[in-house]
Amino acid sequence: MIPEVLHVEVPKEKMEAAVEELSGSLKLLEEKFLQDRPFIAGGHISLADLVAIVEVMQPVAAGLDVFGGRPKLNAWRDRVQAAIGKELFDEVHQNILGSQETVKVMDGSKLEFSKAKILKFFM
Numbered sequence: 001m002i003p004e005v006l007h008v009e010v011p012k013e014k015m016e017a018a019v020e021e022l023s024g025s026l027k028l029l030e031e032k033f034l035q036d037r038p039f040i041a042g043g044h045i046s047l048a049d050l051v052a053i054v055e056v057m058q059p060v061a062a063g064l065d066v067f068g069g070r071p072k073l074n075a076w077r078d079r080v081q082a083a084i085g086k087e088l089f090d091e092v093h094q095n096i097l098g099s100q101e102t103v104k105v106m107d108g109s110k111l112e113f114s115k116a117k118i119l120k121f122f123m
């Protein structure tokens with residue numbers, strides 16, 4: 001998400017490795033945590049689902065389609081959304097999904113300061 005939001009070029013190899021790792025994590029979520037249950041901890045939504053959905057939505061903000069070709073993950077997201085309500089689901093993810101807009105209106109000096117600090121940790 002950081003390269004997309006801050007408009008920073010990432011080496012192709014690094015991006016491919018990150019996407020591969022994400023794919024493995026999503027597979028683990030589907031196969032080990034969700035299995036054939038509607039939610040991570042069983043038949044009802046729990047804190048585990050709320051924490052996980054926020055993590056899964058971050059790559060979506062960067063333009064990655066994490067739900068495509070993953071019907072189990074897609075159905076889980078829909079169940080989480082239905083359990084907490086679409087309005088709350090959208091509100092909670094508004095900052096994540098709108099991060100590119102936030103950067104556009106950010107003061108230039110603050111953006112450069114933040115960019116330098118973030119890149120120090122991630123690049």
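Just so we're aligned, residue 1 is where the sequence shown starts under full-length UniProt numbering, counting upward by one. C-beta atoms are modelled at their ideal positions from N, C-alpha and C, and glycine is treated no differently.
For F67 and K32, the rounded distance between their alpha carbons: What you label residue 32 is simply residue 32 of the sequence shown in a count that begins at 1. What you label residue 67 is simply residue 67 of the sequence shown in a count that begins at 1. Counting only the Cα atoms, F67 lies some 17 Å from K32.
Whole alpha helix (DSSP H) elements within the UniProt domain "GST C-terminal" (1-106), 4-residue minimum: The UniProt domain "GST C-terminal" (1-106) contains these whole alpha helix (DSSP H) runs: 2-6, 12-28, 47-61, 71-84, 86-97 and 99-105.
Backbone CA spacing between L47 and A62 [nearest angstrom]: To locate residue 47, count along the sequence shown from 1; it is residue 47. To locate residue 62, count along the sequence shown from 1; it is residue 62. Rounded to whole angstroms, L47 to A62 spans 24 Å at the Cα level.
Beta-carbon proximity of L22 to K72, cut-off 9 Å: For the purposes of this step, residue 22 is taken as residue 22 along the sequence shown, with counting starting at 1. For the purposes of this step, residue 72 is taken as residue 72 along the sequence shown, with counting starting at 1. No.
Through-space distance from L64 to E16, alpha-carbon basis: As a first step, residue 16 must be located in the sequence shown, where it is residue number 16. As a first step, residue 64 must be located in the sequence shown, where it is residue number 64. Approximately 12 Å, taken between the alpha carbons.
Close-in-space but distant-in-sequence residues of the same chain around V19 (CB under 6 Å, 5 per side omitted): Along the sequence shown, one-based indexing puts residue 19 at 19. No residues qualify anywhere along the chain.
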